[in-house]
Amino acid sequence: LGHRFKSKFHGYDKYSEHQDQTPLGKLQQQYWTTRQQMIKKLGQKEDEYVVMSDAELDSKLDMFEAIEQSSVQMLKIIEMYQEKLINLSIEESEMSRLLKSQSTYDTKTKAGKMMAAVSKSQNFSSQQRTALRLPLVRLYNEVETFQNKAIRDTLITIRKMESYRTEYRGALLWMKNVSNELDPDTTKKLEKFRRVQAQVKKTKTKFDKFKNDVIQKIDLLSASRCNMFSHALVSYTQTLIMFWQKTAKTMGAVADAFKGYQYYEFNIIKDLVEPSRKLAQLVKRTESQEEAMRKENEEKSEEKLIEIEQNEKEDQINELIDLMTESESTVLNEQLKELELLDKEKQEKLNKIQKEQANKSPS
Numbered sequence: 001l002g003h004r005f006k007s008k009f010h011g012y013d014k015y016s017e018h019q020d021q022t023p024l025g026k027l028q029q030q031y032w033t034t035r036q037q038m039i040k041k042l043g044q045k046e047d048e049y050v051v052m053s054d055a056e057l058d059s060k061l062d063m064f065e066a067i068e069q070s071s072v073q074m075l076k077i078i079e080m081y082q083e084k085l086i087n088l089s090i091e092e093s094e095m096s097r098l099l100k101s102q103s104t105y106d107t108k109t110k111a112g113k114m115m116a117a118v119s120k121s122q123n124f125s126s127q128q129r130t131a132l133r134l135p136l137v138r139l140y141n142e143v144e145t146f147q148n149k150a151i152r153d154t155l156i157t158i159r160k161m162e163s164y165r166t167e168y169r170g171a172l173l174w175m176k177n178v179s180n181e182l183d184p185d186t187t188k189k190l191e192k193f194r195r196v197q198a199q200v201k202k203t204k205t206k207f208d209k210f211k212n213d214v215i216q217k218i219d220l221l222s223a224s225r226c227n228m229f230s231h232a233l234v235s236y237t238q239t240l241i242m243f244w245q246k247t248a249k250t251m252g253a254v255a256d257a258f259k260g261y262q263y264y265e266f267n268i269i270k271d272l273v274e275p276s277r278k279l280a281q282l283v284k285r286t287e288s289q290e291e292a293m294r295k296e297n298e299e300k301s302e303e304k305l306i307e308i309e310q311n312e313k314e315d316q317i318n319e320l321i322d323l324m325t326e327s328e329s330t331v332l333n334e335q336l337k338e339l340e341l342l343d344k345e346k347q348e349k350l351n352k353i354q355k356e357q358a359n360k361s362p363s
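In terms of the UniProt record's numbering, the sequence shown opens at residue 1 and continues consecutively.
Pasting the structure below:
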């Protein structure tokens, strides 16, 4: 009897699922799915517990949207950057040609030499700047491949997941509607509730599968994006650093070679002759003042060093004097007195010799 009851009950469940696949069941399912789509489209409030259950998924979808938008913007920025690099390189090259041609007309003054030197530095900078395009093209290709393959594949999975989520939430709305009309004493309504419940379980199973796939793919997408940039940007940063080092060295050499204001005798614009001369005199005066101040500071520093050395010697002598005992000091005093007596005797002898010579001279 138990076996028969189980078989009958199992057949009843099958019958319920089979009834769900009838045209009427499909029509009802499509109705509630469409209703859920309208709720989402119009931005109406949904069940807060259902929304909270998908909080992790929604945060991952926000991350995917940020990755997708930033990748599109990155492609546009790289294109604009390459265009600006080319234009700037062309302008530098044209400026170099202009300065080179003008330097040939003014070879006797420093202005011609300055124009020739700046022309070479501008031409060098233009050539070095074009080297930045190669790593930029490589970066653009990497981002474009990432956009066309990885993001597109993830987007297809997200769209499938969204369709199953809409079906699942529509089935929940359907089950909620049926549960409000449920009467345990009525067999037909109970059968209808079970059919709807089976539909909810079926849609939830599909939705959970694609939900996990989407979360895993977005995590993998974020990690692969970081890995892509860490490799693709290395060559660009190295090329950029080399470019700035080389151009800075070249420009610095030109600036050091023509340091200060270089006077130029204007032949065409006569109004600039007098201001240019005054500026040259002012620069020369300030340079001489700076040189005088530098020498004065050097002399003062030397005097301070000499004074410090003398003070150190005096301090050493004072330390030696302080270290002497009383007996040593008395001996030193006696020796000083003897030296004074010897000096007096020498002085007296010299005086006697001078007197004798003075007495002999008149005779």
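Beta carbons: idealized from backbone N, C-alpha and C, even for Gly.
Distance from the CA of GLU356 to the CA of GLU345, rounded to the nearest whole angstrom, comes to 17 Å. In the structure shown, ALA358 falls within a helical segment according to DSSP collapsed to helix, strand and coil.
Taking each of ASN227, ALA66, TYR140, PHE207 in turn and checking the Cα distance to ARG159, the smallest one comes out for PHE207. Judged by beta-carbon spacing, SER119 lies beyond the 8 Å limit of SER93, meaning their Cβ atoms are not closer than that value. Shortest Cα-Cα distance from ALA171 to any of PHE146, LYS149, VAL200 involves VAL200. Proximity to TYR168 across LEU139, PHE210, GLN82, GLN122 peaks at PHE210, based on C-alpha coordinates. In the structure shown, the three-state DSSP call for LYS352 is helix.
Here LEU136 is buried, its C-beta having at least 16 other C-beta atoms within 10 Å. With a contact defined as Cβ atoms closer than 8 Å, PHE243 and LEU132 qualify at about 6 Å.
Secondary structure within the segment 193 to 252: not one fully enclosed beta strand (DSSP E) run of 3 or more consecutive residues is present. With a threshold of 16 other beta carbon atoms within 10 Å, ILE241 falls short and is exposed. Between SER121 and VAL283, the C-beta gap is not smaller than 8 Å, which leaves the two residues out of contact. Counting the other Cβ atoms within 10 Å of the Cβ of ILE67 gives 16 or more, which makes it buried. Counting every other CB atom within 10 Å of its CB across the protein chains shown gives TYR105 a total below 16, marking it as exposed. Rounded to whole angstroms, the separation of the alpha carbons of LYS249 and ASN227 is 34 Å. For MET95, the CB contacts under 7 Å within the same chain, skipping 5 residues up- and downstream, are GLN122 in chain order.
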